[in-house]
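Report on one structure; see the data block that follows.
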Amino acid sequence: GGTGSVASSCPATKPSMLNVHLVPHTHDDVGWLKTVDQYFYGGRNYIQHAGVQYILDSVVAELQKDPARRFIYVETAFFFRWWSQQSRSTRNIVTQLVQEGCLEFVNGGWCMSDEASTHYSSVIDQMTLGLRFLNDTFGECGRPRVAWHIDPFGHAREHASIFAQMGYDGFFFGRLDYQDKDRRMKTKEMEMVWRASASLNPPTADLFTGVLPNGYNPPPGFCWDQSCSDDPVQDDPALEDYNVDDLVSRFISISKAALYKTNHIVMTMGSDFQYENANPWYKNMDKLIHYVNAQQANGSQVNVLYSTPSCYLQELNLANQTWPLKSDDFFPYADGPHDFWTGYFTSRPALKRYERLSNSLLQTCNQLEVLGGPKSRSGPFGKGDSDTMKRAMAVAQHHDAVSGTEKQHVADDYAKRLAEGWAHCQVPYVRPVGSRGHRVRPVGSRGHRVRPVAAARPLCADLKRPRVPSAPTLSGRASALRRPSPAAPPLCADLHAASPLCFQYLKVTFDPNTGLLSGLTNLETQQSVQLTQNFYWYNASVGNAESSQTSGAYIFRPNSSTPCAVSKNSNTVLCVCQNSVVQEVRQQFSPWVSQVVRLYEGSRELELEWTVGPVPVEDGFGKEVITRFDSNISSAGYFYSDSNGREVLERRKDYRPTWDLTQTEPIAGNYYPINSRAFIKDGKAQLTVVTERSQGVSSIYNGSLEIMLHRRLLRDDYRGVGEPLSEPGEFGNGLVVRGRLLLTLTPPETAADSHRPLAQGLVLQPLLSFQEGAPKPTSKLEFSALQAALPPAVHLLTLSQWDSESVLLRLEHQYESGESKAFSQPVTLNLQVHTHTHSAVTALLPCCLLYRLSLLCFDCSFFS
Ligand SMILES: *[C@@H]1O[C@H](CO)[C@@H](O)[C@H](O)[C@H]1NC(C)=O
Ligand SMILES: *[C@@H]1O[C@H](CO)[C@@H](O)[C@H](O)[C@H]1NC(C)=O
Ligand SMILES: *[C@@H]1O[C@H](CO)[C@@H](O)[C@H](O)[C@H]1NC(C)=O
Ligand SMILES: *[C@@H]1O[C@H](CO)[C@@H](O)[C@H](O)[C@H]1NC(C)=O
Ligand SMILES: *[C@@H]1O[C@H](CO)[C@@H](O)[C@H](O)[C@H]1NC(C)=O
Ligand SMILES: *[C@@H]1O[C@H](CO)[C@@H](O)[C@H](O)[C@H]1NC(C)=O
Ligand SMILES: *[C@@H]1O[C@H](CO)[C@@H](O)[C@H](O)[C@H]1NC(C)=O
Ligand SMILES: [Zn+2]
């Protein structure tokens with residue numbers, strides 16, 4: 001893209017020389033070993049010495065001393081706080097530094113998001129929050145040109161696609177698989193064009209992508225932060241420790257050794273929480289630049305300068321190079337043969353679920369604020385605002401937040417922030433009360449089956465009680481806003497062998513001896529698969545002679561490639577329950593693993609509700625718990641997983657599309673992130689698993705798909721967090737996690753028509769509310785803000801109040817090209833949106849519930 005304003009502020013380079021762009025930067029995690037607040041103020045420095053407020057104070061002072069100096073800043077969550085505490089005169093100085101290009105914002109989201117366990121809707125929201133602040137505060141000059149993900153542990157194609165579509169000119173990162181990096185250095189392919197979407201016409205999702213030479217650190221020997229111990233430039237020749245000649249020659253030889261295509265290279269000068277005292281950094285870099293460039297008089301061809309990523313990128317554009325093309329992604333990431341960063345795909349499963357559920361609430365809250373008008377933004381509880389949740393969600397996207405790689409007290413802090421977000425969204429969203437005896441209204445969107453989380457569930461013991469016909473229950477039907485007819489609670493039989501579950505679309509069989517799932521038949525297509533499902537665990541490695549690498553918050557390293565089956569029972573079935581709307585089989589695999597297999601009337605998918613924990617570790621082994629589906633589908637080593645919930649990528653066992661892989665970890669080296677769905681298929685059948693949180697997934701055997709559900713570990717994995725991942729849970733004896741998987745069996749050519757809306761429906765599942773009593777006759781029970789339904793291909797991604805006059809509306813075409821015969825085609829939408837007058841809707845609030853622009857309202861007497 002054209003970067004006129006950048007050009008004018010970029011330092012001059014020397015076309016005939018090797019230009020070394022020094023990029024002074026700090027990497028400020030939005031929570032990791034300390035909470036985001038502790039990092040900002042510099043609290044609890046005994047955990048880690050880090051205080052972001054001082055970094056910004058110090059850098060601003062040092063930048064004023066010399067107009068040649070540069071600094072980039074990344075995390076708007078911190079900058080925003082710091083800015084709000086500055087005087088008018090400091091703000092003026094900073095604004096001038098930004099306008100002159102001395103202080104440049106890069107990336108600019110609220111945080112530097114995790115790429116493996118985030119969902120694209122939340123990534124877009126957190127980028128919006130940060131970029132909006134920068135635009136509002138600094139205008140066009142504050143607009144980041146470059147995406148900068150120097151620390152995330154692997155890179156998702158969807159992230160690159162989002163960055164390209166947001167108008168970034170380039171993307172830089174630090175971590176990629178060590179084998180991939182070796183090869184790229186040899187072939188000078190550290191810089192490339194990432195074609196980040198298989199659906200968008202090039203160059204819509206093309207993004208220049210560069211791998212930084214030293215991760216994000218300075219070259220060895222040149223770290224001049226107060227936290228480093230490298231020698232400063234000692235330039236008095238009269239003194240014993242004079243080292244200029246040595247430093248200059250080392251710097252020149254490091255620069256010349258760089259394996260990049262053009263005569264420009266970038267050097268990151270900074271690291272985690274550096275520049276708290278910016279003086280040693282700038283003082284020594286000033287001298288380095290002076291002495292290295294002085295050698296040019298004696299024929300040196302190396303030119304060092306203060307620069308920024310966008311100035312570096314501009315030089316690359318001028319160099320008129322052609323770059324290699326990359327079209328897959330950068331997962332999984334390994335920094336050694338036994339060091340696969342594939343554990344964090346699943347680490348902290350409860351936090352991962354809470355984050356996803358909170359997104360659903362945030363979207364509801366946003367939509368109600370729009371439809372409810374000003375009153376819904378200052379409700380009777382005095383806290384009607386979505387800002388708290390917007391910020392909590394934005395912070396939760398950080399690469400040590402939803403990733404699960406933070407210390408326990410920091411994970412607790414993220415959860416607390418989300419809980420505050422929920423509290424603040426309680427005005428438009430009805431306050432939930434106890435469920436017993438209250439009416440429950442399922443709300444679904446057209447064509448989507450949506451399952452509530454908190455529905456009252458009958459116990460097996462119900463069988464022995466008299467049946468209560470009016471007890472609350474939920475219809476499985478999908479018709480939007482239809483009042484469900486009350487159904488009897490499931491009738492439970494204390495059986496120990498399960499008979500098949502069967503409604504009109506699906507038949508599910510169980511092995512009579514083991515009680516395990518044994519087959520699935522799609523009754524519409526008469527298609528069957530043999531399908532078993534079981535739960536297993538891998539013992540975590542504590543290191544061995546080959547490598548001391550342990551399994552931990554980041555790393556997955558099983559002790560053995562053969563997992564242990566959890567079940568020691570002869571038959572897992574506890575009991576079977578059924579009524580006219582639901583049939584279920586309840587299985588117990590061990591005291592700490594159970595599952596309800598549930599089929600709803602009218603449903604094309606099977607629900608598997610698993611409960612795992614507390615994971616026992618008394619035998620001295622940490623454990624990584626998986627569920628595995630083994631089918632007779634001829635998947636031939638291929639499987640498919642989504643990228644941040646949007647497009648789907650093909651995976652192949654023991655294979656990488658861009659280099660010849662030497663596989664050194666047969667299990668961990670085949671794990672990939674799953675954000676919403678994964679599948680295997682052959683010519684006839686596709687088995688799709690839809691998840692409601694991010695997890696790790698693999699297909700180790702032909703026809704199989706395994707998903708890691710929970711992990712409890714006893715060792716740290718030496719990547720900095722300094723704690724074993726052993727979540728205490730409510731009672732301190734280990735966390736119990738419950739979650740759901742949805743399973744569908746369809747012909748591959750129509751699979752997307754069902755799994756795409758199913759996955760979207762789980763991401764934005766409706767939130768249930770309850771109230772006392774029956775609605776008044778005057779109550780309006782149905783409301784839709786849409787005049788007509790959206791076409792099936794169109795997904796309402798965002799409806800949010802932007803400011804007092806405007807609303808942010810994002811619509812997306814949710815299908816990939818070629819994904820669905822019916823829905824992949826381009827869609828034209830008339831945006832003549834009819835807006836209801838605020839007053840009409842406001843009268844209904846706050847007793848309304850909204851899901852995808854369908855608003856269901858209750859009797860408001862509860863609030864009076
Ligand atoms: C950026 O700020 C300008 C001026 O304040 C405003 O006109 C524009 O709409 C803003 N753009 C965005 C995307 O917020
Ligand atoms: C350039 O080389 C000459 C001769 O070797 C030396 O005297 C002079 O100090 C050098 N200049 C610099 C800047 O190193
Ligand atoms: C850029 O390179 C292409 C060939 O790769 C060449 O045709 C073109 O003239 C070059 N442009 C400039 C400005 O050097
Ligand atoms: C899998 O098993 C089912 C049921 O036995 C059978 O109908 C189907 O053809 C088999 N599929 C393959 C690919 O063998
Ligand atoms: C697995 O555990 C056994 C027994 O403790 C040990 O001998 C072996 O080296 C371990 N392997 C790995 C990869 O950790
Ligand atoms: C895990 O370790 C326990 C205790 O040593 C052992 O009994 C079990 O067989 C191991 N399982 C696997 C899958 O390695
Ligand atoms: C899996 O399928 C591939 C391709 O058909 C085949 O080469 C491989 O041997 C199969 N693996 C097993 C364990 O059957
Ligand atoms: Zn980081």
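When you line the sequence shown up against the UniProt record's numbering, it's residues 1 to 864, in that order.
Using N, Cα and C, we set each Cβ at its ideal position, and we do this for glycine too.
The structure displayed is predicted, hence computed values, not measured ones.
Q. Is there contact between the segment 258-274 and the segment 217-227, where contact requires at least three CB pairs shorter than 8 Å?
A. The answer is yes - the segment 217-227 touches the segment 258-274, with three or more Cβ pairs under 8 Å.
Q: Provide the residue span of the beta strand (DSSP E) that contains residue 558, from first to last.
A: Premise fails: residue 558 is in no beta strand (DSSP E) and is neither H nor E.
Q: Quick one: residues with CB closer than 7 Å to any heavy atom of ligand 4, in chain order, please.
A: 519, 528, 529, 530, 632, 633, 634, 682, 684 and 685
Q) How big is the Cα-Cα spacing for residue 81 and residue 140? A) If you draw a straight line from the Cα of residue 81 to the Cα of residue 140, it is about 21 Å long.
Q: Count the other C-beta atoms from every protein chain shown that fall within 10 angstroms of the C-beta of residue 34, then say buried if there are 16 or more, exposed otherwise.
A: Classified as buried, residue 34 has 16 or more neighbouring CB atoms from the shown chains inside 10 Å of its CB.
(Q) Let me check you understand the geometry: is the CB of residue 670 closer than 6 Å to at least one non-hydrogen atom of ligand 5? (A) no
Q. From this set, 332, 740, 95 and 792, which residue's C-alpha is nearest residue 652's C-alpha?
A. 332
Q: For the segment 721-748, list the beta strand (DSSP E) runs that are entirely contained and at least 3 residues long, ordered along the chain.
A: Qualifying beta strand (DSSP E) stretches, in chain order: 737-746.
Q.
Alpha carbons only, please: which of 573, 527 and 201 is nearest the one belonging to residue 499?
A. 573
Q) Between which two residues does the alpha helix (DSSP H) containing residue 170 stretch? A) Looking at the DSSP string, residue 170 is not in any alpha helix (DSSP H); the run it does join, the beta strand (DSSP E), is 170-173.
Q: Under the assumption that residue 110 contacts residue 134 (Cβ atoms under 8 Å), give the Cβ distance between them as a whole number of angstroms.
A: That pair is no contact at about 11 Å.
Q) Helix, strand or coil: which one does DSSP assign to residue 657? A) coil
Q: Answer yes if the segment 720-738 comes into contact with the segment 512-524, meaning at least three C-beta pairs across the two stretches below 8 Å, and no otherwise.
A: no
Q. From residue 686 to residue 758, what distance separates their C-alpha atoms?
A. Straight-line Cα distance between these residues: approximately 15 Å.
Q: Might you give, ordered along the chain, the residues of its own chain that have their beta carbon closer than 6 Å to the beta carbon of residue 568, omitting 5 neighbours on each side?
A: none
(Q) Quick check on the DSSP output: the beta strand (DSSP E) that includes residue 584 runs from which residue to which? (A) 582-590
Q. Just the Cα atoms here: how many angstroms apart are residue 288 and residue 242?
A. 13 Å
Q. Near ligand 8, which residues have their beta-carbon closer than 5 Å to a heavy atom?
A. 29 and 151
Q: Quick one: grab the DSSP three-state call for residue 719.
A: coil
Q. DSSP beta-bridge partners for residue 306?
A. 22
Q) So, helix, strand or coil for residue 622, using DSSP? A) coil
**Q.** Assigned exposure category for residue 668 - 16 Cβ within 10 Å defines buried
**A.** buried
Q | the segment 605-617 contacting the segment 632-643, beta-carbon criterion three pairs below 8 Å | A | no
Q. Around the Cβ of residue 232, are there at least 16 other Cβ atoms within 10 angstroms (buried) or fewer (exposed)?
A. exposed
Q: Note down, in chain order, each residue of its chain lying with its Cβ closer than 8 Å to the Cβ of residue 530, except the 5 sequence neighbours on either side.
A: Hits under 8 Å: 518, 519, 631 and 632.
Q.
Could you check whether residue 55 and residue 104 sit closer than 7 Å to each other, using their CB atoms as the reference points?
A. no
Q: Flag this pair as yes or no: are the beta carbons of residue 152 and residue 115 separated by less than 7 Å?
A: yes
Q. What is the DSSP secondary structure of residue 182, counted as helix, strand or coil?
A. Under the three-state reduction of DSSP, residue 182 is assigned to helix.
Q. Who pairs with residue 578 in a beta bridge, going by DSSP?
A. 491 and 583
Q | Closer than 5 Å: residues whose CB approaches a heavy atom of ligand 6 | A | 539, 560, 564, 619 and 621
**Q.** Check your reading: residues with Cβ closer than 5 Å to ligand 2 heavy atoms
**A.** 294 and 298
Q) Can you round the beta-carbon distance between residue 645 and residue 713 to whole angstroms, since I take them to be within the 8 Å contact cut? A) Wrong, their Cβ atoms sit about 27 Å apart, outside the cutoff.
Q.
For ligand 5, I want to know if residue 551 counts as a neighbour, meaning its beta carbon is within less than 6 Å of at least one of the ligand's heavy atoms.
A. Residue 551 Cβ: outside cutoff for every heavy atom of ligand 5.
Q) For residue 548, is the beta carbon positioned less than 6 Å from some heavy atom of ligand 5? A) no
Q.
Counting C-beta neighbours from all protein chains within 10 Å, is the total for residue 46 16 or more, i.e. buried, or is it exposed?
A. exposed
Q: Go through the segment 47-72 residue by residue and report every complete run of the alpha helix (DSSP H) that reaches 4 residues or more, in order.
A: 52-63
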